[in-house]
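Notes follow the structure.
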Amino acid sequence: MPKFSIIIPVYNVEKYIKRTLDHVFNQTYKDFEVIVVNDGCTDKSIELAKEYKVKIVNDKHVGVSEARNIGEKYAKGEYLLFLDSDDYWDNKVLEKINESLKNNPDLVRFQVRTVTDKNESKEYPEEAFNNLTGIEAFKKIVRFHYIESIWCYAIKREYYEKEKFKFKKDKIHEDFGLTPLIIIKANKVNSISYIGYNYYRRSGSIMNTPDYSWTKRKVQDFYEHYQYLRKEIEKVKGDTTIFKSYIANSMIKKICELDKKDYLFYKKELKKNNIFKDLLTDTLPRKIKKLILTISPKIYYNLIKK
6 MPKFSIIIPV YNVEKYIKRT LDHVFNQTYK DFEVIVVNDG CTDKSIELAK
56 EYKVKIVNDK HVGVSEARNI GEKYAKGEYL LFLDSDDYWD NKVLEKINES
106 LKNNPDLVRF QVRTVTDKNE SKEYPEEAFN NLTGIEAFKK IVRFHYIESI
156 WCYAIKREYY EKEKFKFKKD KIHEDFGLTP LIIIKANKVN SISYIGYNYY
206 RRSGSIMNTP DYSWTKRKVQ DFYEHYQYLR KEIEKVKGDT TIFKSYIANS
256 MIKKICELDK KDYLFYKKEL KKNNIFKDLL TDTLPRKIKK LILTISPKIY
306 YNLIKK
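The numbering of the sequence shown is the working numbering, which starts it at 6 and goes up by one.
Here it is as structure tokens:
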């Protein structure tokens, strides 16, 4: 059994896939398998992937969520890592993760830098910690810049399969709908300070599409993820108030992307479902924030931009 299973959904990324796979196979730690899920490619991406020692799983175009689910079914490794096909790792990331496995954690977090078409980069150094429960870890990670992105975590496969985790099929913002639960349900979580993930912010990517109908769909899917998370968190024992506040804040902020008519519809919907009641009020700034958000989320987020 390999130590790591690396799952890479691939859809028409012939310009980037060699860079992604080069950085995987240049790792200083070599005990891994690579599962490339052909998500209905119509370009040369899979031909290029075949130049490497990877397992190709062919399918029709089902989207990144289901492609990840399909890839996980073929995984044999002790830990799962999900890597997007236009992003890439630093060459010691597996080595550093492996060094953090001595206490047999369910989850190991590693850190992120963003890179752009213009070769601009920004690092996000975050706090390292060791041997925390999922609830304790979530309280720390919630302060990080990247929270729910699945690609900055190594997840014990036994834990992942025991909990029957799956990405929601045909949904956008699939990470938001799953990763917070993976964190908070874990028995043992580590975080390493190593910045090993290069998140490539390319123009024209699926999340940067300017079409307003796409914006509406993103908000609707986000709301469905929120409802799922809010239901599932009731099954978790312990203090989950920060979790509830985090997903509520995320949902409230998300509706601010909408135009006036749709924004007002969702604002009314959120109030009807008591989402604002989950916001923390344990400090004076949080009390003020909740008051303003309850009146108008857009006013609040316009104020903090200034």
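Where is the CB? At the ideal position from N, CA and C, for every residue including glycine.
Bear in mind that the values here come from a model prediction, so they are computed numbers and not experimental data.
Give the range of the alpha helix (DSSP H) segment to which residue i is assigned.
{"i": "residue 226", "result": "217-237"}
{"i": "residue 143", "result": "139-146"}
{"i": "residue 25", "result": "22-30"}
{"i": "residue 288", "result": "Here residue 288 belongs to no alpha helix (DSSP H), and DSSP marks it neither H nor E."}
{"i": "residue 176", "result": "Here residue 176 belongs to no alpha helix (DSSP H), and DSSP marks it neither H nor E."}
{"i": "residue 270", "result": "265-277"}
{"i": "residue 152", "result": "It is not in any alpha helix (DSSP H) - residue 152 carries neither H nor E in the DSSP assignment."}
{"i": "residue 188", "result": "184-190"}
{"i": "residue 303", "result": "302-310"}
So residue i and residue j are in contact, right, with Cβ under 8 Å, and what is the actual spacing, rounded?
{"i": "residue 111", "j": "residue 201", "result": "Incorrect: roughly 19 Å between the Cβ atoms, too far for contact."}
{"i": "residue 113", "j": "residue 105", "result": "5 Å"}
{"i": "residue 186", "j": "residue 237", "result": "6 Å"}
{"i": "residue 261", "j": "residue 302", "result": "5 Å"}
{"i": "residue 3", "j": "residue 8", "result": "Look at the range of the chain in this structure, 6 to 311, and you will see that residue 3 is not part of it."}
{"i": "residue 101", "j": "residue 204", "result": "Actually they do not touch by this definition, with Cβ atoms about 17 Å apart."}
{"i": "residue 1", "j": "residue 121", "result": "As shown, the chain starts at 6 and ends at 311. That puts residue 1 outside it, with no answer to give."}
{"i": "residue 41", "j": "residue 59", "result": "5 Å"}
Just to confirm the assignment, what range does the beta strand (DSSP E) spanning residue i have?
{"i": "residue 194", "result": "194-206"}
{"i": "residue 255", "result": "Premise fails: residue 255 lies in the alpha helix (DSSP H), 246-259, not in any beta strand (DSSP E)."}
{"i": "residue 160", "result": "158-161"}
Look up residue i in the DSSP assignment and give the residues it is bridged to.
{"i": "residue 9", "result": "37 and 84"}
{"i": "residue 43", "result": "15 and 63"}
{"i": "residue 134", "result": "196"}
Whole beta strand (DSSP E) elements within the region 49-131, 3-residue minimum: 60-64, 84-87, 112-121 and 126-129
Does the region 131-151 come close enough to the region 72-81 that 3 or more CB-CB pairs lie under 8 Å? no
Inter-stretch contact at 8 Å, needing at least 3 Cβ pairs: the region 275-284 / the region 238-254: yes
Are the region 47-64 and the region 14-25 touching, with three or more C-beta to C-beta distances below 8 Å? yes
Between the region 150-164 and the region 185-199, can you find at least three pairs of beta-carbon atoms closer than 8 Å? yes
Check whether the region 228-242 and the region 38-49 touch, using three or more Cβ-Cβ pairs below 8 Å as the test. no
How do the region 220-230 and the region 168-183 stand: do at least 3 beta-carbon pairs fall below 8 Å, yes or no? yes
Taking contact to mean 3 or more Cβ pairs, one atom from each stretch, closer than 8 Å, check whether the region 57-67 and the region 120-136 are in contact. no
Below 8 Å, can you find three or more Cβ-Cβ pairs linking the region 81-90 to the region 6-15? yes
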